[in-house]
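Quick note: the sequence shown uses UniProt numbering, first residue 1, plus one each step. Below is one structure; the comments refer to it alone.
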Amino acid sequence: MTLVRTFEGKNPRITMPKGAIDTQMHMYLRDFPAQEGGPPVPEGTPGPDEYRRLMKWIGIERVVITQGNAHQRDNGNLIACLREMGSVAKGVAVVTRETPLDELQELVEAGVVGARIMDLPGGAVDLTHLEEVDSIAQELGWSVAVQFDGSNILDHEQKLAAIKSRWIFDHHGKFFSGVTPDSDQISALKRLIEKGNCWFKFAGCYESSRSGAPDFEDIAAVARVIAEHAPERIIWGTNWPHNNAKTTEEYLDDADLLDTVLSWLPSDEARKKALVTNPEELFGFDPV
């Protein structure tokens, strides 16, 4: 095994509030192989046992498990992981209008509360399916996580503004071409948030940062502005198990990453909103 994940070390400097929710991560079980069209299952098949160690280390109490690209439109692994994790977990699945009603019912019973759009290489359902996924989410009371190259948000703003469900602009927007707080793309993001049904997720900053570790200052600059603009619309996730990392040397320290990203929120009150209150509202967790 060329990749060794870390599950212990120095504690984060920032203390997580009671009931903290990780709204972006993936986990895997060995009985569920990768599906055609997606990447392989991550090395070591990081699953519930490993994730519980991470929770204990950095102070996570609840979690939203997102269907990984490795399993494409087969939600079997997600359902099994939700059952393994129990009441602390909810899920985000991959569905289309071809998803059978009995599968949708099984997803609901397992704790799924959202659907995923990923219009990037390896994604299972792209933006051409947005309207139908939005319709399913409306019927089930779900949210929709939307991920694409945010550099193109102006091209998609009209269709995003038409989303009727609660939805999440995923992974810091993934502005691969680079933006600043004054960019037209960020003005569009603010307009979408101001409609009242759009959330912005702090997760996976390293996937689109052009300035890079340890500070990810390009991502930080936009994150700070959006957090100030709409603190009630920010959520956070670890993006564990950091599938872009292929070697131990590339693997980020989760405590350091948490401290970096949560420092972009201006106060303890803002962090409590992003880590507890906002995701409780969005995903239907019981209030702590």
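Even glycine gets a Cβ: it sits at the ideal position worked out from N, Cα and C.
Below 9 Å between beta carbons: does that hold for residue i and residue j?
i           : j    : result
T238        : D22  : yes
G173        : G122 : no
F202        : V261 : yes
H156        : L127 : yes
F216        : V64  : no
E228        : H171 : no
residue 292 : C198 : Because the chain in this structure spans residues 1 to 288, residue 292 falls outside the shown range and cannot be described.
I79         : E106 : yes
T96         : V144 : no
I60         : D259 : no
R116        : V88  : no
G86         : V288 : no
D184        : F148 : no
P40         : D268 : no
R224        : G178 : no
L54         : D254 : yes
A220        : T180 : no
How would you label residue i, buried or exposed, when you count the other beta carbons within 10 angstroms and need 16 or more for buried?
i           : result
K90         : buried
A162        : exposed
A213        : exposed
residue 289 : Because the chain in this structure spans residues 1 to 288, residue 289 falls outside the shown range and cannot be described.
residue 327 : Because the chain is modelled from 1 through 288, residue 327 falls outside the range shown and cannot be assessed.
P42         : buried
S165        : buried
P12         : buried
P100        : exposed
R5          : buried
D218        : buried
L275        : buried
N244        : exposed
T66         : buried
L154        : exposed
R83         : exposed
P279        : buried
G196        : exposed
G141        : exposed
Considering only C-alpha positions, which residue in the set the options is nearest to residue i?
i    : options                : result
L29  : F200, E132, I226, T45  : T45
I235 : R52, M25, V94          : M25
H242 : G68, S165, A220, K18   : G68
F176 : G150, W167, E109, K195 : G150
Q158 : S183, L192, H129, I168 : L192
A110 : E131, V125, N77        : N77
K273 : P231, K10, V94         : P231
Y51  : V225, E131, R73, E8    : E8
V125 : V94, A270, R271        : V94
I58  : W240, A34, L265        : W240
Q72  : G47, P33, A270, D102   : P33
In this structure, what does DSSP give as the bridge partners for residue i?
i    : result
V144 : A115, W167
I60  : BP columns for I60 are empty, so no partner.
T260 : The partner list for T260 (beta bridge, DSSP) is empty, contrary to what the question assumes.
D22  : V63
F202 : W236
A34  : Per DSSP, none; premise fails for A34.
A93  : A115
Would DSSP call residue i helix, strand or coil?
i           : result
T277        : helix
G212        : coil
T15         : coil
V225        : helix
G150        : helix
V125        : coil
V133        : helix
G237        : coil
V179        : coil
T80         : This sequence places Ala at residue 80; Thr is not what is there. It is helical.
V88         : helix
A110        : helix
A255        : helix
D74         : coil
H172        : helix
residue 292 : Residue 292 lies beyond the residue range present for the chain, which begins at 1 and ends at 288; the question has no answer from this structure.
S267        : coil
A188        : helix
M55         : helix
P287        : coil
K246        : coil
A230        : coil
L282        : helix
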